[in-house]
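Here the protein sequences line up with chains A and B, keeping their order.
Residues 1 to 493 (the UniProt record's numbering) are what the first sequence spells out, left to right.
Residues 1 to 382 (the UniProt record's numbering) are what the second sequence spells out, left to right.
Every residue gets a Cβ at the ideal spot worked out from N, C-alpha and C, and that includes glycine.
All of these numbers come straight from a predicted model, not from anything done at the bench.
What follows is a set of notes on a single structure, which appears directly below.
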Amino acid sequence: MLMENKAENKAVFDAESAKEVVKELRDSFVTGKTKSHRWRVTQLKAMLKMLDENEPQIVAALRDDLSKPEFESSLYEIQMLKNSCRLALKEMNHWMMPEKAKTSLTTFPSSAEIVSEPLGVVLVISAWNYPFLLSLDPVVGAISAGNAIVLKPSEMAPASSSLIAKLVADYLDSSCIKVVEGAVPETSALLEQKWDKILYTGNGRVARIVMAAAAKHLTPVVLELGGKSPVIVDSNINLKVATRRIIAGKWGCNNGQACISPDYIITTKDYATKLVDSFKCELERFYGKDPLESKDLSRIVNSNHFDRLSKLMDEEKVSSKIVHGGQRNEKNLQIAPTIFLDVPVNSLIMKEEIFGPLLPIITVDKVEQSFDLIHSSGGKPLAAYLFTNNKKLKCKFVETVSAGGLVVNDTAVHLAIHSLPFGGVGESGMGSNHGKFSFDAFSHKKAVLYRGFAGDAFLRYPPYTPGKLTLLQALLSGSIVGIIRALLGWFWA
Amino acid sequence: MPQPLGVVLIFSSWNFPFTLALDPLIGAISAGNTVLLKPSDLAPACISFLVETIPKYLDNKAIKVVAGGADIGERLLQLKWDKIFYTGSPRVGRLVMAAAAKHLTPVTLELGGKCPAIVDTLSTTPSKAKVTAKRIVGGKWGPCNGQACIAIDYLLVEEKLASALIELLKKTIKRFYGENIKSLKSISRIVNEHQFQRLVNLLKDPNVADSIVYGGSVDEEKLVIEPTILLDPPLDSEIMSEEIFGPLLPIITLKNIEESINFINSKSNPLVIYAFTEDETFKKRILSETSSGTVTFNDSMVQFLCDSLPFGGVGQSGFGRYHGKYSFDTFSHEKSILHRGFYPEIEPRYPPWTDFKLLFIKLAYEFDYFGLILLLLWFKRS
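Here it is, written out as structure tokens:
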């Protein structure tokens, strides 16, 4: 009923429909079905099967929506997802086990532990640039933590959204995991409901709306947003490797349309020309003389974004700074890798997150000045990158730059490391996920204290006396000497 | 690598004005932040003390205290903070989070709820029953006369044991706090007229008033309400639907103590569930079939002292946690850092992409080393 968005017979998904979905999932959750280890394992295995059996269809949907090259679809959407499933299957038992907590003299005798329990019914709202990864990866986390889930894929990637809806319905337990397709009205209807957690991937503007809606129900949120991820390029490095890695992280990731894509580069005035030349050389090696003919670049997702990016390129004082690229094809929604040198710091392209194939290079006199530049740009980004062999610079970078995650001498790859929490800070978001962090994001860590009846401390009960107070204070402080002194005082009083 | 979030705002409550202000402050400082502390204006003497004394001991370029009421709170909420830590009621918690949403400020909300205590130890030994009673009384009227987020709100006990429980409680109350309202000692009063009236109104419902089995006297002038026990007030009365936050203790009787699980689940998630029981199976059921911030077995209140346990709520009792290292974490951003060398380089990473490169990366991803070798030796083709 809910997934029928066909033109002739549109079933409207409104607040009532959203309420029913939540109720159905809550009823399923209350039965304890999703909490069982067996259910979680079955769902994750089903998801693996789903990815294995439908790879060509997924690649095709991504080609439809984004002209995404098969390589990227296969690696970033399918392989990474499969790895997530496999990791969860392997580690879930361990993640689900209660964690022992130390107890001290203060609560002696006692034992304590922290128990992970599912939050309940959760909402995952995902983005259009990695429609499969950003939808299903959080779902893997939510399943492994034992929740019931509603997934709302982005309507800006319609082929992917409808394939996700079909596959999830076919392979996963639809009494506990549902997909709701749609745009603003459907998302608003969902946001009016009470969820136990919301994970949103997207931009800051909508994130504010999501968090405000969550506030009405005191629903905790994870917001995976973006920002202007800077790349500092020092001299005395392996320039060829550095350039290639920047290209892979920028244009190799959905043609710059990724939250952790390098947004702009900062390098020294002296090094800039070498850097630009290196880019020209490697870009041609990767994408050929005419990048618009290359099959290895995604297109721009839609005409809104194409216009937005064109505006950034055409701004007076910016358009004259193009040192490479600039070709466009509006009909095919293509923009070639384009590099700018020294655009004004207050231009639009330096103020908003680019999210596209445009790469400004800003030059400074000394590489250390890059930190001031990053700091003055406002908002903390999701990622920050540094290419250097200088140990001191690395230390300064790690200590002073505030971002979701930092990578030295590469770009974007930290996404694949499950032992690293992936998430933002400030404008780039809150909360984290990937690997066990996803499991934790969708769990409530319940503190449990076990006490016995032996040795009831009469000291804690009224009538309160100074003697009791002194002794209790000593006990709470945990200091043996203090306790002995207090005891002696007690007995002598 | 943990990093301070930056400039944080801490709202604290009036019932434990020092702990609830300074404990989060300690966490914020240890994580390296600058802090503005806004204590509740319902504890004016404590606020004055904090306002005067904190600058004498702490760095007042980095740590400030501001006194004031709800209007000051509202104005503070319009500014951009790197974190907001709020202790108080769900109603205001919503306002805090909605304001934080405008700036995408992460929040920790320490709220409350109706914290139940399941009583299943009365038919064990007399000494255990006595200790149970002491811990219940200490956990209800001990913390600020019931005005605490982790105070026991109501009790659940089997019908047949109710009168024994009430007798024990009465004895213990008299011993701890005095025989009657005139000789009341070792107990806080109600914070102000507004809260006093709220509590008195809970008893106005005649069906509720009829269920009083002990206490019930009030002294409006001194803002004192004596420890009061009620037996089976109507379940739809306000005293059973709102968080009491005061010295009134309803006892709800059940045919079978196992029903307490369903009863607790019919209400929103509390901050703590207390369970006095020695039945290991029952303990496991309580743990897996209910949801609360914390569960404490066979005692009350002490989980607050256990710094290795995260203190926080779930659902309507809040989110986020603190105490011990959790305080440090709550005011930190865990920045992930990846160091790479320039070597080795994996060529297949780069376009132009071919079937070979695609297969290579797939195999590498799956750690299929044998497959990789075959591929490299041209024995495997896509």
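{"Asked": "Comparing alpha-carbon positions, which option in I190(B), N33(B), D219(B) lies nearest V8(B)?", "Found": "N33(B)"}
{"Asked": "Taking 8 Å as the threshold (C-beta atoms), are S111(A) and S443(A) in contact?", "Found": "no"}
{"Asked": "Could you give the distance in angstroms between the alpha-carbon of S327(B) and the alpha-carbon of L459(A)?", "Found": "28 Å"}
{"Asked": "How about P462(A): is its C-beta nearer than 8 Å to some C-beta of chain B?", "Found": "yes"}
{"Asked": "Indicate the three-state DSSP secondary structure (helix, strand or coil) for H375(A) in the structure shown.", "Found": "helix"}
{"Asked": "Our contact map puts L36(B) next to V66(B) with C-beta atoms below 8 Å; I'd like the distance itself, whole angstroms only.", "Found": "6 Å"}
{"Asked": "Restricting to Cα atoms, I'd like to know which of F276(B), N145(B), P344(B) is closest to E158(B).", "Found": "F276(B)"}
{"Asked": "Thinking residue 558(A) and D296(A) are a contact (beta carbons under 8 Å), I'd like their distance in whole angstroms, please.", "Found": "What the structure shows of chain A is the stretch from 1 to 493, and residue 558(A) is not part of that stretch, so it cannot be assessed."}
{"Asked": "Please determine, among G426(A), L469(A), L358(A), the residue with the shortest C-alpha to C-alpha distance to residue 495(A).", "Found": "In the structure as shown, chain A begins at 1 and stops at 493. Residue 495(A) is therefore absent and cannot be evaluated."}
{"Asked": "With 8 Å as the threshold, decide whether the Cβ of W353(B) is near any Cβ in chain A.", "Found": "yes"}
{"Asked": "Quick one: which chain B residues come within Cβ less than 7 Å of N83(A)?", "Found": "Y365"}
{"Asked": "Would you verify that the beta carbon of D299(B) is, or is not, closer than 8 Å to some beta carbon of chain A?", "Found": "yes"}
{"Asked": "Going by beta-carbon coordinates alone, are R198(B) and N145(B) separated by less than 8 Å?", "Found": "no"}
{"Asked": "Output needed in chain order: residues of the segment 159–181 of chain A with a Cβ under 7 Å from some Cβ in chain B.", "Found": "none"}
{"Asked": "Tell me, please, whether the segment 278–285 of chain B touches the segment 71–80 of chain A by the rule of three or more beta-carbon pairs shorter than 8 Å.", "Found": "no"}
{"Asked": "Since V233(A) and I260(A) are thought to touch, with beta carbons under 8 Å apart, how far apart are those beta carbons, to the nearest angstrom?", "Found": "V233(A) to I260(A), Cβ: 17 Å. No contact."}
{"Asked": "Expressed to the nearest angstrom, what Euclidean distance is found between the alpha-carbon atoms of R205(A) and L136(A)?", "Found": "23 Å"}
{"Asked": "Assuming V222(A) is part of the beta strand (DSSP E), what are its boundary residues?", "Found": "221–224"}
{"Asked": "Give the residues from the segment 442–456 of chain A that approach chain B closer than 7 Å (Cβ to any Cβ), ordered along the chain.", "Found": "H444, K445, K446, A447, V448, L449, Y450, R451, G452, F453, D456"}
{"Asked": "Which chain B residues are close to Q79(A), counting only those with a beta carbon under 9 Å from its beta carbon?", "Found": "I361, K362, Y365, E366"}
{"Asked": "Rounded to whole angstroms, what's the CA-CA distance from G320(B) to L105(A)? Just pull it up for me.", "Found": "26 Å"}
{"Asked": "Taking Cβ-Cβ distances shorter than 7 Å, what residues in chain A pair up with L287(B)?", "Found": "V115, V448"}
{"Asked": "For P344(B), count the other beta carbons within 10 Å of its own beta carbon; 16 or more makes it buried, fewer makes it exposed. Which is it?", "Found": "exposed"}
{"Asked": "Name, please, each residue of chain A whose Cβ falls closer than 9 Å to the Cβ of C149(B).", "Found": "Chain A residues near C149(B): none, gap ~14 Å exceeds 9 Å."}
{"Asked": "Taking only beta-carbon positions, decide if M1(A) is within less than 8 Å of chain B.", "Found": "Residue confidence for M1(A) is low, a pLDDT of 45 falling below 50, so the modelled location carries little weight; the figure read from the coordinates is stated next. No, M1(A) lies away from the interface with chain B (no Cβ there is under 8 Å from its Cβ)."}
{"Asked": "Rank P118(A), V318(A), S320(A), D290(A) by C-alpha distance to the C-alpha of Q327(A) and give the top, closest one.", "Found": "D290(A)"}
{"Asked": "Hey, which unbroken runs of the alpha helix (DSSP H) at 4 residues or more fall wholly within the segment 35–69 of chain B?", "Found": "44–57"}
{"Asked": "Drop a sphere of 10 angstroms on the beta-carbon of I72(B), count the other beta-carbons inside from all chains shown, and report buried for 16 or more, exposed for fewer.", "Found": "exposed"}
{"Asked": "Consider the Cβ of I417(A): report whether some Cβ of chain B lies at a distance smaller than 8 Å.", "Found": "yes"}
{"Asked": "Using the rule of at least 16 other Cβ atoms within 10 Å of the residue's Cβ for burial, across every protein chain shown, is A78(B) buried or exposed?", "Found": "The sequence shown places Gln at residue 78(B), not Ala. Exposed, by the Cβ-count rule."}
{"Asked": "Mind checking which residues open and close the beta strand (DSSP E) that includes D334(B)?", "Found": "Correcting the residue type first, residue 334(B) is Glu in the shown sequence and not Asp. Note, E334(B): beta strand (DSSP E), 332–334."}
{"Asked": "Which residues, in chain order, does the segment 160–177 of chain B contribute to contact with chain A at a C-beta distance below 9 Å?", "Found": "T172, R175, F176, Y177"}
{"Asked": "Identify the contact partners of F370(B) in chain A, using a Cβ-Cβ distance below 8 Å as the criterion.", "Found": "Per Cβ cutoff of 8 Å: no residues; F370(B) is ~18 Å from chain A at best."}
{"Asked": "Can a CB atom of chain B be found closer than 8 Å to the CB of R244(A)?", "Found": "yes"}
{"Asked": "Can you pull the chain A neighbours of T294(B), defined as C-beta to C-beta under 8 Å?", "Found": "K446, A447, V448, L449"}
{"Asked": "Buried or exposed, going by whether 16 or more other CB atoms sit within 10 Å of the CB of G378(A)?", "Found": "exposed"}
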